[in-house]
Structures are given as C-alpha cells and as structure tokens.
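Take a look at the structure set out below.
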Amino acid sequence: MTELSHIRNFSIVAHIDHGKSTLADRLIQMTGTVSDRDMKEQLLDAMDIERERGITIKANTVRIDYVAQDGQQYVLNLIDTPGHVDFAYEVSRSMRAVEGSLLVVDASQGVEAQTLANVYTAIEADHEIVPVLNKIDLPAAEPERVQEQIEDVIGLDASEAVLISAKSGLGIPDVLEAIVKRLPAPKGTRDAPLKAMLVDSWYDPYLGVVVLFRVMDGVIRKGDAIKMMQTGAKYGVDKLAVLKPAMVDVAELGPGEIGVLTASIKQVRDTKVGDTITHEKKGCETPLPGFKPSVPVVFCGLFPVDSAEFEDLRNAIEKLALNDASFSYEMESSAALGFGFRCGFLGLLHLEVIRDRLEREYGIDLITTAPSVVYHVHMRDGELIELHNPADLPDLTHVDHIEEPRIKATILVPDDFLGDVLKLCQDRRGIQQELTYAGSRAMVVYDLPLNEVVFDFYDRLKSITKGYASFDYEITGYRQDNLVKMQILVNDEPVDALSMMVHRDRAEGRGRAMCEKLKDLIPRHMFKIPIQAAIGGKVIARETLAALRKDVTAKCYGGDVTRKKKLLEKQKAGKKKMRQFGKVEIPQQAFISALKMDG
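Note that our numbering has the sequence shown beginning at 1, numbered continuously upward.
Printed below as a string of structure tokens:
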C-alpha cells in the first residue's frame, strides 16, 4: 500500500497527432515499467485500427513506479486519452479519475481546436495543468511563440512549460520531475466506507468484463462483496490488479489508487460508466456524481451485402457492443436492402471505426445507408417523437413542427483560407457567432445544423484549407427549422433507403442531383422508367431512363409504311403494359454510390 502523498494521478491531453501516445511510451520506457524487449510504438494503443490510423480511440491506463531525484519512491497513474472530437466522451470521464493533466502542444503547430476543447474539459474537472511543448527538435519549432500563444488563447501561465522531444526522449526526466513536484497528491480517507468510481469497462474472452476503477475512499480487497450503486447489482471480487500495462495481481487497493477488478460480470451493459462501487454491507451513503450518459448523435443503417450473412452480422455487432458502451443498435428491415441494424454513433469517425472493425475483424461486407441525425417531431396533440429514420416520419397533417440538432463549431484556420471556410459554413446554413485572431490564425465560432455536418463537412473543410484547419464541435440543443422529408420514387414506387430530411430551400437542388445520379446508376429495362424526387405529393425533380428497344421492324422489307407502324404500335402497347407490371431492379452498388453525397 502506498502513502497518499506519494501517488500522482494524471492524464495526457492534446490535439490529434501532437504526441500524446509517444510521450506515454517514453515515460513507460524511461522508468523501466516495460522491458526494452516488450517495448513497441504506441504501446497503450491495443487495437489494430488504432495503430494503423495512428489515433487513440480508447483511453488507456498504466501504473508507473518512479524514484524521484530526491530518492523518494512515487507511484504514477497515467491515463492516455484520445484526441479526436468523436471520442471527447472518453476524455471527459478519464479526467474525473485523476487530479492533474499534462497539456501537450506541438511546438511547430501551436494551439489547435482540440487542444482548447480538451483543456477546457480539464479545467472543468478542476485539474492542475502542466504545459509540455513537444517536438522542439524539429526545424520548424518555435517554442517562444507557442508559449505566448498558450498564454493568449488559453490563459495558462506557460513560462515554466517543459520543453521536450517525445520521439528522441529529450527532456523526459524533466516531465517526470514536474509531475511529482507540480501536480497535487490525491485526497481520500482509508478508514471511510469504500467509495470507488467506475471509469471504464471492457470485455475479455477469458475473464469476462474487466472494470477499471479509481478508489476515492476506503480499501477494496480480493474476495470482497461489492455492489454497484446505480444498478444495484452485487458481485464478489475474483481478481484485483494494477495495469503495468499487463495486469499484475495485488491483494488490496487504497484511496487514490487506480486498478482493475473482475467479478464474473457477463456483459459490459451491466457496468454503467460513472457508477459508484461500494461494499455490499456497510457501504457509503451517497454515490459519486456520475457522468452524463453518452448520447449517440449520428444514426445509420448497416446491412450485409449478402443477406445470408445477417446472423453473422448480429453476432459481430453484439460482440462489439460488449466493448463500446456508447454504440447503440436495433434491428430494422428495408424493402431494398433486406434485414439489418439501425446503429447510433458519437460521430462520423466513430461510425467509420465500427464499420472497419466489422469488415476487418469479422469479415462481413456491409452497405451503410446515409448517415442521419435525430430530429424532434412535435405533433399537434403535444406528443414529441424522436425520429431516427426519415422513412418513419408520421403524416404531416398531424405534425406541428420539426426541430433539428444544432452544434457550436470552433474552427482554427490560417488567415489565407478564412474566406473559403466562411463560405463553406454559410453554404451549410451556418450562423457566425464570433471571429477572433490567435497570432496569424483565425478562430471562427459557428452555429451549424448537425445534419449538414455529418455528411462530408470535415472532408470539405480539410480539402479547402489543404489540411491546415482544425475543427471541434459540441451539441448545443434543438431548434425549429423549415425541414421536409424528400422521397425518391423509382417507377412510382418510393425507395425507403433513399429518403432523407432536407431544408425546404435546399430540397430542389438535392433532389435534382440525386435523380441525375440514379439515372446513371440504374440499368436500363425494356420499358421506360421515371425517377422522381418528391416532397409529399409534389414532384420537385424528374429524370427519365429510356427503354431498351427490340427492333421489331427488322423483318419488313419494302411494302406499305402502315405495316411498320402497326408493329411499332403493338410494341408500344406491350411496353405500356410491361411498365404497369414491371418491377425495377436497383443494384446495391447504386445505393452505395447514390448515398455518397457530393458537394
């Protein structure tokens, strides 16, 4: 058991690619926590997809033993957090488990949008913050300018910022000393009833659910009977361990310590993140303030390309949901695509990661329908309906008004590209709220509708700014707007997989683009096919796919022209009848291509 004054709990926060995971690697290596033989890049990123994309998706924890320069022995608990906006939820809950943060800023790029978002999360959690300037060995590094920028933009004193290069290991001993000297020790009472916070949980095929927790008060021992205060579930502790990053068994954990336990829990759903763990008998009175549950903001349908793989998809999704509490799903069926699932995600990157994992880890070919957001439909009788799929919109005569989710977007962009960014935001129905400067970079804050952002906003932003813009958003609430449901009719039949909610002013352009696209994608049939976009009963755009034609007059040589006419009239009548009964086959590739919206 460790003295409270010799424990330091901290997280590393930064924008994407500023070197959080590399710094974590160096701290682990310098203190000899992992032998050189087992050391590898991005040590704490366990998933293949994290290594491949070079991003952190799950917050990861490691316990480091460190002997300070004055000879004191310290225990450092480090949480490496994700930097991407979709995983801000992971960051906020990791912050609650620790007392301090290392703020890593790239000395060549300076403060970015995510840097700001993560610092504010740390300040809200009452953290002591130590600024660390990384990559100072790069020729483009300007530590003095970035120190000034931290002071101007964030308002943190950066005069004592630690200058390091996480890649080469330069300055790492100074970081370790700064953690020990400048970050506060945790508080807690050993004799009080057990109060521990559930920070995260994941599924292990051998151990069942593994729970990561932080002890606030009291002591937890192997074999204790514990209960979760939110769910009321009771368990016996089978295994108690600390992560170095591999599990090392311990007999007990006291206040201020972070560890993991297993207790024969079957599903990750049974462990609510932010729950309070206490003893079954003589437990604590009041639970800790939990976290806000994560709310999915983007929904889309996942369907197997081969409908025979539906059961495989169901099993794969259930296994993924074991590990990811923020991913939700329910079954749905579509006339065009068969059986599948309607899934909710925290953002587009989250959607991509889940889709990649399903295709790669479980070998299932997927069709993803157009991502949509949750609308609030207010009915005339006062009822409120949450609309996840535009195809389910009730009859408009009963609807009073529709509200859509709005976000507050913060964009940091070099001055040269400012005009293009402002135009992009105006085109997406944005309302400018503020425009300030941080050095040579503009910081724009916009109020934007979320459904305009989920399609391809991020890609467009990156391409018009040559990759220099950084973007962060938070959901601010719902607002009424002139929204309508646009349906696509092929041969007078509505295609539910292609219906979408659009703003009335945009509907015509969107509908025309969709009809033109489908005209090229649907193969020609023996009869002519109208492709229409409609709002309610009103058609707003139309394209006609010409019929394939058999040459029925081939046998006529010479003679009277009426013979030819007679044969053509007969063919025309046949085609008319055929169109009455003919079903149009729409290939699945056409769905995939039509749903990839171009600007």
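Ideal Cβ placement from N, Cα and C applies to all residues, glycine included.
Q: Just confirm the distance between the C-beta atoms of P296 and G344, as a whole number of angstroms; I'd bet it's less than 8 Å.
A: 3 Å
Q: Pair every Cβ in the segment 15 to 31 with every Cβ in the segment 165 to 174, then say whether three or more of these pairs are closer than 8 Å.
A: Counting C-beta pairs with one atom in each stretch, the segment 15 to 31 and the segment 165 to 174 have three or more that are closer than 8 Å, which means they touch.
Q. Considering only the beta carbon of each residue, do A391 and S470 sit closer than 8 Å?
A. no
(Q) I need the DSSP call for P482, collapsed to helix, strand or coil. (A) Residue 482 is actually Asn in this sequence, not Pro. Residue state, collapsed to three classes: coil.
Q: For the segment 402 to 451, list the alpha helix (DSSP H) runs that are entirely contained and at least 4 residues long, ordered along the chain.
A: 418 to 427
Q: List in chain order: all unbroken alpha helix (DSSP H) runs of 4+ residues lying wholly within the segment 137 to 169.
A: Correct list: 143 to 149.
(Q) Rounded to whole angstroms, what is the Cα-Cα separation between F10 and L521? (A) Taking the straight line from one Cα to the other gives about 54 Å.
Q. According to DSSP, is L44 helix, strand or coil?
A. The pLDDT assigned to L44 is 46, lower than 50, so where the model puts this residue is not dependable; a value taken from the coordinates is nonetheless given after this. Reduced to three states, the DSSP call for L44 is coil.
(Q) At the level of alpha carbons, what is the spacing between V13 and F417? (A) 27 Å
Q: Could you tell me which of D400, I586, I475 and K167 sits nearest to R524, measuring between CA atoms?
A: I586
**Q.** Residue burial classification, N389 (beta-carbon count within 10 angstroms, cutoff 16)
**A.** Buried, because 16 or more other Cβ atoms sit within 10 Å of the Cβ of N389.
Q. How is E112 classed by DSSP in three states: helix, strand or coil?
A. coil
Q: Give me whichever residues DSSP pairs with Y235 in a beta bridge.
A: I226
(Q) For L4 and E124, I'd like the C-alpha separation in whole angstroms. (A) 24 Å
Q. When the distance is taken between beta carbons, is L261 closer than 8 Å to V242?
A. no
Q | Assumed close pair V664, L198 - CB separation to whole angstroms, cut-off 8 Å | A | The shown model of the chain, from 1 to 599, leaves out residue 664, and the question about it has no answer.
Q) What does DSSP give as the partner residues of S328 in its beta bridges? A) G344
Q: Consult DSSP for T276 and reduce its assignment to one of helix, strand or coil.
A: T276 carries a strand assignment under DSSP once its states are collapsed to helix, strand and coil.
Q: Below 7 Å CB to CB, which residues in the same chain sit around K282 once its five sequence neighbours on both sides are set aside?
A: P193
Q | Contact check, Q73 vs D65, beta carbons under 8 Å | A | yes
Q | Beta carbon of P131 nearer than 8 Å to that of A158 | A | yes
**Q.** Rounded straight-line distance, which links the Cα of A507 to that of E543
**A.** 16 Å
**Q.** Candidates G155, P304, V111 and T121, of which the one nearest E142 by Cα
**A.** V111
Q: Can you grab the Cα-Cα spacing for the pair K583 / V490, in whole Å?
A: 10 Å
Q. So, using beta-carbon positions, are M526 and K575 closer together than 8 Å?
A. yes
Q) Cβ atoms of V298 and L348: under 8 Å apart, would you say? A) yes
(Q) Within a Cβ cutoff of 6 Å, which residues of the same chain sit near L450, ignoring the five residues on either side of it in sequence? (A) Excluding residues up to 5 positions away in sequence, V373, P405 and I407 lie with their Cβ nearer than 6 Å to the Cβ of L450 in the same chain.
Q. Start and end of the beta strand (DSSP E) containing G559?
A. Segment: none, G559 is in no beta strand (DSSP E) and carries neither H nor E.
Q | Nonlocal neighbours in the same chain, by C-beta distance under 7 Å from L435, ignoring five residues either side | A | A442 and V444
Q. Which whole-angstrom value is the C-beta distance of P245 and V62, which I expect to be below 8 Å?
A. 5 Å
Q | Host beta strand (DSSP E) of E128 (start-end) | A | E128 to N134
**Q.** Residues that Y66 bridges to, as DSSP identifies them
**A.** Y74
Q: Put T271 into one of helix, strand or coil per three-state DSSP.
A: Correct three-state label for T271: coil.
Q) Got a sec? Which residues, its chain only, sit under 8 Å from K528 by beta carbon, not counting five neighbours each side? A) T544, L545, A546, A547, K575 and R579
(Q) Let's test the definition: count the other Cβ atoms within 10 Å of the Cβ of V98 and tell me whether it reaches 16, buried, or not, exposed. (A) By the neighbour-count rule (16 or more Cβ atoms within 10 Å), V98 is buried.
(Q) For T22, report the span of its alpha helix (DSSP H) as first-last. (A) K20 to M30
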